[in-house]
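Chemist: Numbering (the numbering used here), first residue to last: 8 to 595.
Positions of the beta carbon are idealized from the N, C-alpha and C atoms, including for glycine.
Treat the numbers as computed from the prediction; the structure is a model and nothing was measured.
The structure follows.
What follows is the structure in structure tokens.
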């Protein structure tokens, strides 16, 4: 069954089931699966009226809206391949991605079309310029009652057919376009559904437009507090909590910054607040009246806990959530709610999962420098650890696998793992390992004749370092490119930083290297007024029992760490390294 068939089957079985419940300017609006299907077919009529053909690629830079999702489904059925990227990566990078991806079509709104013309995005490749509204208009100009006669092309039917090109956030360099096939996306849906036992009666609160599209393919209901999908760091906590309570949301995806925003909003300051009878709040949007958040009777004489009993699970990803953050956020949850961290990447998701209570049981190991526990690999996903090297590995050998408790590079293989990056031969050489399926297949391969898809499996090198412990749990130690190589040994960011993150006034830390010497950046908790000299003295005391951590003599402070544009959670250590180099050069 191809991807569009999954959605169509959901609409056929439950036509009147809410697909989207979203807030748009003044009101909550409900769209059923039948509504979405009807809109999709109308947009298909508009696509039929144009000169484009299945297999063309389309750069899609259009702000999220209620029309965006049926339009994405129409593209899927028609066979146009969307190129998805983060507009927040910046004007220059968008231009570089257009040069690399060479889209045939540009789909945007008035603003993004203006930017396209001003900066010349895709001027050498784009043949057609569209808006979602122009496609709707084309459909309306056709004779009334005429239904779409589009059937999925052979491009859509083939499991190996390219279905989407999804760019990474570019937190460690120019974003790379992961090439997704029907097989990859279908496998990702099945892994998510089976891993978290997601059923059709679920009500999800998706964090990103792509996850709302996944909801349509899984057949669940999406509750969207803001149809414009603001970046995670701009989340309105009152809207989110109100939506969970009003619509009995059962599942929510949230990057760590969203957990921080919600817990800071709903929990009182450490000195305690009067929370008797609940709490009144005013959302950032003036169009929603002040809300009275429900709190449990038990919470009225203790620190506030918003009552969210409908939630079965919260899934967090994008960057590791600290133990302290997970502990704070659990105060908002009832006992039956699971708080999962999932490990994955744009190139392959999901890989492993861990529940917060297991994280808490391993707190001492984490704080003593073991790294961050990612849990166990998900069924259907093979994770192996190989020696750390920056060189390409052409062919997989079983002898590459290292023993337990040895830090190496994490590699992943599953049906959801993408096989290549778009037009990045060097990145493919570095990040992909070919594993023979048939004896002798790779032995005959020559460099100028890459293997066919049906000849080899592809193992993805994550660029992360970690290890398996003796109980089969996967531990994360940081990015390979972020390791600090000193004259004596190698220091891994997550192993070192979590030693210092135990300080009560420290929100988080970031290890970087300058000329072979470790430097630690420190971000203090909000409103902390402590003297930096005293904090440094206390941090050094924490490090004293740990020889590697004790080597750090340079501590720098910053109000807020730079983070990635997608999740607003992943620390951009490259920028911190540049700042550290400038600082060190000034004092020498």
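1) For residue 353, which of 272, 209, 332 and 467 has the nearest alpha-carbon?
2) Leaving out five residues on either side along the sequence, give the residues of the same chain with a beta carbon under 6 Å from the beta carbon of residue 244.
3) At what residues does the alpha helix (DSSP H) containing residue 229 begin and finish?
4) Do you know offhand how far residue 99's Cα is from residue 411's?
5) Pair every Cβ in the region 499–514 with every Cβ in the region 368–380, then say whether three or more of these pairs are closer than 8 Å.
6) What three-state label does DSSP hand residue 55 in the structure shown?
7) Between residue 431 and residue 90, what straight-line distance do the alpha-carbon atoms span, to the nearest angstrom?
8) Give me, in chain order, the residues of the same chain whose beta-carbon lies closer than 8 Å to that of residue 501; leave out the 5 immediate sequence neighbours on both sides.
9) Under three-state DSSP, which class holds residue 193?
10) DSSP has residue 104 in a bridge; who is on the other side?
11) Go ahead and pull the three-state DSSP assignment for residue 360.
12) Could you pull out every residue in the same chain whose Cβ sits closer than 6 Å to the Cβ of residue 318, ignoring the five residues on either side in sequence?
13) Assess, as a yes-or-no matter, whether the region 569–582 is touched by the region 549–557 under the definition of 3 or more beta carbon pairs within less than 8 Å.
14) According to the neighbour-count rule (16 or more other Cβ atoms, all chains shown, within 10 Å of its Cβ), is residue 355 buried or exposed?
15) Ignore the nearest five residues each way along the sequence and tell me which others in residue 242's own chain have a CB closer than 6 Å to its CB.
16) Which same chain residues end up closer than 7 Å to residue 320 when comparing Cβ atoms and leaving out the 5 residues on each side of it in sequence?
17) In chain order, which continuous runs of the beta strand (DSSP E) of length 3 or greater are located wholly inside the region 15–39?
18) Thinking C-beta only, is residue 425 closer than 8 Å to residue 187?
19) Count the other C-beta atoms from every protein chain shown that fall within 10 angstroms of the C-beta of residue 404, then say buried if there are 16 or more, exposed otherwise.
20) Does the distance from the C-beta atom of residue 189 to that of residue 166 stay below 8 Å?
21) In the DSSP assignment, find the unbroken alpha helix (DSSP H) run with residue 115 in it and report its ends.
22) With a Cβ-Cβ cutoff of 8 Å, do residue 88 and residue 65 count as a contact?
23) Mapping DSSP to helix, strand and coil, what is residue 385?
24) Inspect the beta-carbon positions of residue 18 and residue 36 and report whether they are closer than 8 Å.
25) Quick check on DSSP: helix, strand or coil for residue 335?
26) By Cβ distance, which residues of its chain are closer than 7 Å to residue 395, with the 5 residues on each side in sequence left out?
27) Measure from the alpha carbon of residue 113 to the alpha carbon of each residue in 125, 129, 107 and 103, then state which is nearest.
28) Would you call residue 592 buried or exposed, if buried means 16 or more other Cβ atoms sit within 10 Å of its Cβ?
29) Use the C-beta contact count for residue 191: other C-beta atoms within 10 angstroms, 16 or more gives buried, fewer gives exposed.
30) Using CA coordinates, which residue listed in 83, 324, 149 and 541 is at the minimum distance from residue 215?
31) What do you get for residue 278, buried or exposed, if any count of 16 or more other CB atoms within 10 angstroms of its CB means buried?
32) For residue 469, which of 28, 357, 255 and 101 has the nearest alpha-carbon?
33) Taking only three categories from DSSP, how would you classify residue 376?
34) Between the Cα of residue 196 and the Cα atoms of 9, 82 and 40, which residue gives the shortest distance?
35) Taking the CB atoms as reference points, tell me whether residue 337 and residue 363 lie closer together than 8 Å.
36) For residue 392 and residue 420, what's the separation of their Cα atoms in angstroms?
Modeler: Reading off the structure:
1) 467
2) 268, 269 and 272
3) Taken as a continuous stretch (DSSP letters only), residue 229 belongs to no alpha helix (DSSP H), being part of the beta strand (DSSP E) at 228–231.
4) 43 Å
5) yes
6) helix
7) 15 Å
8) 327, 378, 379, 483, 484 and 485
9) helix
10) For residue 104, which the question treats as bridged, DSSP gives no partner whatsoever.
11) strand
12) 344
13) no
14) buried
15) 265 and 268
16) 203, 258, 344, 345 and 347
17) 25–31 and 34–39
18) yes
19) exposed
20) yes
21) Residue 115 -> not in any alpha helix (DSSP H); beta strand (DSSP E) instead, spanning 112–115.
22) yes
23) coil
24) no
25) helix
26) 415, 416, 472 and 487
27) 129
28) exposed
29) buried
30) 324
31) Low confidence applies here, because residue 278 scores a pLDDT of 37, under 50, leaving its location unreliable and the question unanswered by this model.
32) 357
33) helix
34) 9
35) yes
36) 12 Å
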